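The numbering of the sequence shown is the numbering used here, which starts it at -15 and goes up by one.
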Amino acid sequence: MNTAEFWVLLAFVFFIILFGKKCYVIVCDMLDEYINTVKNDINTAKRSNSDSQKLLDDAKKQGSEMQSKIDNMSDVYQKQTAELQEFYNSSISNFEKSSEKNLQSDIDFEVESAKKDLVKKIEKDVILKLKNNFKNKKFDISVLKDNISRIEEFLK
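Shown next, in the form of structure tokens:
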């Protein structure tokens, strides 16, 4: 009992008895505080995860809404493009038809004008020839009667 090991053991037991309870309480408090910190971190992470999941769901919903709007806009664009193409084609067709009618009426007008001018020229030539024949006294009424039908046909 008088050995150094005994006294060290006794001092150790005495030290554990005196300070062990206080050290145990301090160590337990530190562990409890660490546990609470870890729990708070876990709860914060869960809340963050939940918030992130909500944000992700909202973003997916908005993405699907945007895709739906894009699809609708694309459909509207295609319909408008088809309508514009149809309008363009009908406008071109109408323009061609009206151009053909206008061109035909212009041609008819020019032909009629040319006929009138030709008839006037022929009338002038006939009158001039008749005057010359009267002046030269070479006028033959029978020649005039024979040619009246041809002149009438030509004037038509």
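Glycine included, every Cβ here is placed at the ideal spot set by N, Cα and C.
Everything numeric in this text was worked out from a predicted model, so none of it was measured.
Using the C-alpha atoms, what's the distance from residue j back to residue i?
i	j	result
Phe93	Gln69	35 Å
Lys108	Asn78	44 Å
Asp55	Arg31	35 Å
Phe3	Asn(-14)	25 Å
Lys105	Ala66	57 Å
Asp59	Gln46	20 Å
Lys63	Lys53	15 Å
Leu112	Glu137	20 Å
Asp41	Met50	14 Å
Val103	Ser82	31 Å
Asp101	Tyr61	58 Å
Ala29	Gln37	12 Å
Arg134	Gln88	29 Å
Segments assigned alpha helix (DSSP H), at least 4 residues, entirely inside the stretch 31 to 60: none
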